[in-house]
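No gaps in the numbering here: position 398 of the sequence shown is 408 in our numbering, and each next residue is one more.
Just so it is clear, CB atoms sit at the ideal spot from N, CA and C, and this is done for glycine as well.
Only a predicted model underlies this, so the values are computations on that prediction, with no experimental measurement involved.
Each remark here refers to the structure printed beneath this line.
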Amino acid sequence: MKRFTLLSLFAGAGGLDLGLEMAGFETLVTNELEPHACETLRLNKKMCATGDGTLDTFIDTVLKQRCYQQMTKEESAILVKRLQHRSRDKFLQSAEVFEGDIRQIESKQLLEACRLEEKNELFCVAGGPPCQPFSRAGKRQAVDDVKNGDLFFEFVRVVRDLRPRWFVFENVKGLLLTKTEVLTTTCKTCNYSGPIPFRTRIAWGRGEAETFSCPQCGNHDVTVNSQLTRGGSLDIILAEFERIGYRCYHSILNAADFGAPQIRDRLFIVGSRDHLPFTWPAPTHREVTKNGVKPDPQLPLFGPNSTLSNLKPWQTMYDALWSHGHFRYGMLDKRKAVLWVKNVVRPHDEPVTWHLDRPSPTIGAHQGAKLAVAPEGVPEAQLKRQQWHTRGNRQGDTKPVLIIHAYLSDEELLRLQTFPPWWYLHGTRMQRALQIGNAVPPVLARAVGTAIIEGDNEGSPKQ
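Listed below in C-alpha cells is the structure:
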C-alpha cells in the first residue's frame, strides 16, 4: 500500500500538517524553531493518543503549565470545556517533533528522523518559510532580507537533498506583488538564459562576486542583465526549484473558497520530481452578492457544471462562531455587532471593523490577539482615533472611547482558521495568537493535498 509520507518544515502550530493528514498524508517529521510551537505539536500528539479515561489527567497537566496559571476562572473553564470535546481524530501519531533552526540541521539528520532508508522514498516535503520579507505589511525586502529572506533556500536545499516525489511550498501572495531586482544571465556558448543561482546572487549583492558563469555549461562568456520586476521574488524561487529538476505549478488560493470563514489568500507552489501533471483543486464556495453567488469566470453560469449549482456561499463569521450566541453576550444583533481590531492604527481607506455576515478578514500573525467582537458596534469617534495619521489627528489627542467588547478566544480564532476547536495551543496569549495567525488553514491544505494524491495516482504507471 502506498504511503503518502510527509516531512514538514516551518510547522508552527501544525495547520499545514493537519490539512495534509486529513487528505491522507502521514507526517514522519515536523520541524519548527520556536519552543512554544514545538510544545504545541508535542502535546497535541500526546492528547490525540490519550484515551477518554485519561483525558482529564492530561487536562490537569495542561492547567499546571506556566502559561495557563494566570487565567481567570472563566478562561480556565472555557479551556477545559474546549479540550474535553476532543474528537477521536488522531493527528501527528507518526511524527517526530524535530526542534531547531533548519539552517543548523543537515538533510541527512532529517532523513534519519524520517526512518527511511533511501532519500527518494519520501513522498512530500511541505512548509512555508517565514513570510515577512514578502509580505505587503512587512519591510518588503524580498529575497534579499538578511534575517529570513534566504530561508526559502533552506527549503530548496532539503528538497534537493532528499528528492521527494512532491513538495508543497506555501507563502504570502506578496511574492507576486513585490518588486524585486532579478539578475539574469545569457550564455553565448549554450544559449542558456535565466535567473542566476540564488547563492551567486547573494554573493554578488555583498560584493563577493564580480564574474559569473553559466549555471548550465559553466562557461564564463555570459552577459548579465538586471531588472526590477514585479513578482521577481517568485521568479527567483521558481528558478531554484526548476534548477534541481522539479516541474512547478503555482497559484493563489483563497481559504474562503474552500469553506473557511476567513478571506485569506495564500500562494502555493507544488513541485513534481517526476514531472507529473497536477491540477489545482476546484473551489467549493464563492462570494455571495445581492444577485446571488458571484460567478466563477472559469465555470459556465448554467448546466451541470455551472457556478450556481455547484458552489456554496462563503461561510460567514456569524454562522461559524455565533449562530448559537456568544458565551458572554448571548445572541448577537448582526445589524449592530461588528468584529473590531482594537487600537490598531490604519489608513482611512482600510477598515478597522467588519460586519459579521461575511467571512473574517485575514487573521494576521500580530492582529489575532487584538481582534474583538463589539456587540453594540464601534462609534465613529473611535474610528477617527484609529485613523489619525490620515485625518490629521493622533490617537492620543482624544480621550479613549468606552466600547463593550470581548477579545476573540483561542477557540474562535481556531475556528476562523478551520483548526479543530479542541486543538491545544501552548504559550502566552500573544504566542498562541501568533501561532494561529501564522498557520495555513487546514481546510485549504487538505484541498491541495487531495489534489496532489489525485495527480500522483493518475500520473503513476499502472501496475
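> What are the boundary residues of the alpha helix (DSSP H) that includes S243?
Replying inline: Where S243 is concerned, the enclosing alpha helix (DSSP H) stretches over 242 to 253.
> If you compare alpha carbons, which of R425, R439, E191 is closest to K380?
Replying inline: R439
> In whole angstroms, what is the alpha-carbon distance linking T408 and W364?
Replying inline: So the two alpha carbons sit approximately 23 Å from each other.
> Starting from K394 and walking both ways along the alpha helix (DSSP H), at which residues does that stretch end?
Replying inline: 390 to 395
> Taking DSSP as the reference, what is the three-state secondary structure of Q237?
Replying inline: strand
> What is the DSSP secondary structure of F278, reduced to helix, strand or coil?
Replying inline: Reduced to three states, the DSSP call for F278 is strand.
> Taking just the CA atoms, how far does W290 sit from T460?
Replying inline: 10 Å
>> I'd like the list of long-range same chain contacts for R368, defined as Cβ closer than 6 Å, with 5 residues on each side in sequence excluded.
In response: T326
> When DSSP builds the beta bridges, which residues end up paired with E10?
Replying inline: The chain is shown from 11 up to 473; residue 10 falls before or after that span and cannot be answered.
> Where does Y78 sit, in a helix, a strand or coil, going by DSSP?
Replying inline: helix
> Quick one: what's got a C-beta closer than 8 Å to A266's C-beta in the same chain, skipping five residues either side?
Replying inline: So the list reads Q272, I273, R274, H295, E297, W324, Q325, P369, once near-sequence residues are dropped.
>> By the DSSP assignment, the beta strand (DSSP E) with I262 in it spans what residues?
In response: 257 to 264
> Taking just the CA atoms, how far does L424 sit from I212?
Replying inline: So the two alpha carbons sit approximately 38 Å from each other.
> In chain order, what residues of the same chain lie with their CB nearer than 8 Å to the CB of D62, ignoring the 5 residues before and after it?
Replying inline: The answer is none, since no qualifying residue turns up.
> Can you list, in chain order, the residues of its chain whose CB lies under 7 Å from that of E109, leaving out five sequence neighbours each side?
Replying inline: E42, P45, C48
> Pairing CB atoms from the stretch 49 to 58 with CB atoms from the stretch 95 to 115, are three or more of them under 8 Å?
Replying inline: yes
> Which residue from A292, T64, T37 puts its Cα closest to that of A457?
Replying inline: Ranking A292, T64, T37 by Cα distance to A457 puts A292 first.
>> Using C-beta distances below 6 Å, list every residue in its chain close to W214, excluding the 5 sequence neighbours before and after it, in chain order.
In response: none
> What are the start and end residues of the beta strand (DSSP E) that includes L349?
Replying inline: 348 to 351
> Hey, how far is the Cα of V156 from the Cα of T190?
Replying inline: In this prediction, V156 scores a pLDDT of 47, lower than 50, which makes its location untrustworthy; no coordinate-derived value is stated.
> Using the beta-carbon count (16 or more within 10 Å), is D466 buried or exposed?
Replying inline: buried
> Between the stretch 111 to 122 and the stretch 439 to 451, do three or more beta carbon pairs fall short of 8 Å?
Replying inline: no
> CA-CA distance, T239 and S333?
Replying inline: Whole-angstrom Cα-Cα distance: 46 Å.
>> Quick check on L349: buried or exposed, where buried means 16 or more other Cβ atoms within 10 Å of its Cβ?
In response: buried
> Within this structure, are the beta carbons of E180 and G138 separated by less than 8 Å?
Replying inline: yes
> If you drop the 5 nearest sequence neighbours on each side, which residues of the same chain put their C-beta closer than 6 Å to that of M341?
Replying inline: If we look at M341 and ignore the five residues flanking it on each side, its Cβ neighbours are G335.
> What is the DSSP secondary structure of Q441, counted as helix, strand or coil?
Replying inline: Residue state, collapsed to three classes: helix.
> Should E127 be labelled buried (16 or more other beta-carbon atoms within 10 Å of its own) or exposed?
Replying inline: Classification of E127: exposed, given that the 10 Å Cβ count is below 16.
> Out of K346, I247, N201, E116, which has the shortest C-alpha to C-alpha gap to L186?
Replying inline: I247
>> Quick check: what's the CA-CA separation for Y256 versus L286?
In response: The C-alpha of L286 is placed about 10 Å away from the C-alpha of Y256.
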